[in-house]
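Q:
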Amino acid sequence: DAGVIQSPRHEVTEMGQEVTLRCKPISGHDYLFWYRQTMMRGLELLIYFNNNVPIDDSGMPEDRFSAKMPNASFSTLKIQPSEPRDSAVYFCASKMGDTQYFGPGTRLTVL
Amino acid sequence: KNEVEQSPQNLTAQEGEFITINCSYSVGISALHWLQQHPGGGIVSLFMLSSGKKKHGRLIATINIQEKHSSLHITASHPRDSAVYICVTPEGAQKLVFGQGTRLTINP
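Residue numbers (our numbering), protein chains in the order written: chain E, 1 to 111; chain X, 1 to 108.
What follows is the structure in structure tokens.
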């Protein structure tokens, strides 16, 4: 298996633009997680899905953030409009059983 | 909410040294994870343990559930072990609480 796939790996955008991050989980995994990592706050859980259904989105910072999982093999995290303070590395992870498998992350820079 | 504290925050050692990273948490848990984040940013799950000790190559993880403490040891450390090591505890059924990480640098 190729592992968790994220795209793009790097994204640079201007404040106010819409940003869409993509994730393909490992086939057969029934949980998918979106995390954000910053120097100040470390790793934080944003939202997670179980069988494509959002279970807990209490970590989503504000209404500018939204996440979808239209099917078992694809999820998106959208920021609209983006702000400089959204600059971070966004990780997607999938899980079946006890171990989460992390994607390589998307480094987002909002100018 | 579980508070997870790691020590030290930064650790620099010479190749070959025995390394210990500590993790303490405030709320009783059933299991704990150790993650490794490489300088390039990739995150790898090293261990999930609920009691006693686990060993994988030169890495050894121990946990004491009663004392709410876990340690990660690296024997015969190597520069390629240089990474950030993160202790993670569960919160509820699926959420995780992350320690702030220990940045390990092994000099040749």
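We treat Cβ as the ideally placed atom computed from N, Cα and C, and that holds for glycine.
(1) Take Pro104 of chain E and list the residues in its own chain whose beta-carbon comes closer than 7 Å to its own, dropping the five residues that flank it on each side.
(2) Rounded to a whole number of angstroms, what is the C-alpha to C-alpha distance between Ala2 of chain E and Met39 of chain E?
(3) Could you check whether Ser45 of chain X and His33 of chain X sit closer than 8 Å to each other, using their CB atoms as the reference points?
(4) Taking the alpha-carbon positions, what's the Ser75 of chain E to Ile74 of chain X distance?
(5) Spell out whether any CB of chain X is found under 8 Å from the CB atom of Gly42 of chain E.
(6) Would you tell me roughly how many angstroms separate the C-alpha atoms of Ile79 of chain E and Gly16 of chain X, rounded to the nearest one?
(7) Using a Cβ cut-off of 8 Å, pull out every chain X residue sitting near Met31 of chain E, in sequence order please.
(8) Below 8 Å between beta carbons: does that hold for Pro54 of chain E and Ala67 of chain E?
(9) Going by DSSP, what residue range makes up the beta strand (DSSP E) through Met48 of chain X?
A: Let me lay it out:
(1) Within the same chain, Pro104 of chain E has close Cβ partners Gln6 and Arg9.
(2) 28 Å
(3) yes
(4) Rounded to whole angstroms, Ser75 of chain E to Ile74 of chain X spans 36 Å at the Cα level.
(5) yes
(6) 46 Å
(7) Checking the sequence, you will find Tyr at residue 31 of chain E rather than Met. Per Cβ cutoff of 8 Å: Gln94.
(8) yes
(9) Here the beta strand (DSSP E) through Met48 of chain X covers Ile43 to Leu49.
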